[in-house]
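Enquirer:
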Amino acid sequence: MLKMFGRSLKLRQVSAGGCNACEADINVLGTIGWDLGRFGIQYVASPRHADGLLVTGPVSKNMELALKKTYDAVSEPKIVIAVGACAISGGPFANHEQVRSGVDAILPVDLYIPGCPPHPLTILDGLLRLLNRLDKQT
Ligand code: SF4
Numbered sequence: 010m011l012k013m014f015g016r017s018l019k020l021r022q023v024s025a026g027g028c029n030a031c032e033a034d035i036n037v038l039g040t041i042g043w044d045l046g047r048f049g050i051q052y053v054a055s056p057r058h059a060d061g062l063l064v065t066g067p068v069s070k071n072m073e074l075a076l077k078k079t080y081d082a083v084s085e086p087k088i089v090i091a092v093g094a095c096a097i098s099g100g101p102f103a104n105h106e107q108v109r110s111g112v113d114a115i116l117p118v119d120l121y122i123p124g125c126p127p128h129p130l131t132i133l134d135g136l137l138r139l140l141n142r143l144d145k146q147t
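Numbers 10 to 147, taken from the numbering used here, label the letters of the sequence shown in order.
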């Protein structure tokens, strides 16, 4: 699966109830300073054009159904990437009655990128390592 996406990965970003700081750093990667597209990785507007989801936020109950439907709309094979402490385990919202405390409570997660929020370099590092695009010694 990763061999298939190694040179071209399209991701649909889903904000599942976070504070928006993770989204801000994800968006930074698309700016001219980082130019994520040169690595063959792009954000797309529709899950039907995507190879996977990039999810932020602890998955609020209000966003749970939307996240599931978005996941279902992505064709197989597909990947799920949890970005930020909220998406990994709920972060500062963990165990609140209105959240699911992380993406893997409802979807299979292939990659966890830590931080609150993660630095853009951390996100880029995670994506490139997932795709075996970095030397394992670095
Ligand atoms: S991990 Fe931190 S920065 Fe990201 S959405 Fe949660 S609270 Fe905000």
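C-beta: ideal position from N, C-alpha, C; glycine also. None of the values given here were measured: they were computed from a predicted structure.
1. Which of the three DSSP states, helix, strand or coil, is assigned to Val23?
2. Flag this pair as yes or no: are the beta carbons of Ile97 and Tyr80 separated by less than 8 Å?
3. Assign Ala94 to one of two classes, buried (16 or more other C-beta atoms within 10 Å of its C-beta) or exposed (fewer than that).
4. In the DSSP assignment, what residue or residues form a beta bridge with Gln51?
5. First and last residue of the alpha helix (DSSP H) that includes Ala91?
6. Using DSSP bridges, identify the partner residues of Thr65.
Expert: The answer reads as follows:
1. It is a strand residue.
2. In this structure, Ile97 sits away from Tyr80, with a CB-CB distance that is not shorter than 8 Å.
3. For Ala94, the number of other beta carbons within 10 angstroms of its own is at least 16, and it is reported as buried.
4. Lys19, per the DSSP bridge assignment.
5. Following the DSSP letters along the chain, one finds Ala91 in no alpha helix (DSSP H) but inside the beta strand (DSSP E) bounded by residues Ile88 to Val92.
6. The partner list for Thr65 (beta bridge, DSSP) reads Ser24 and Val92.
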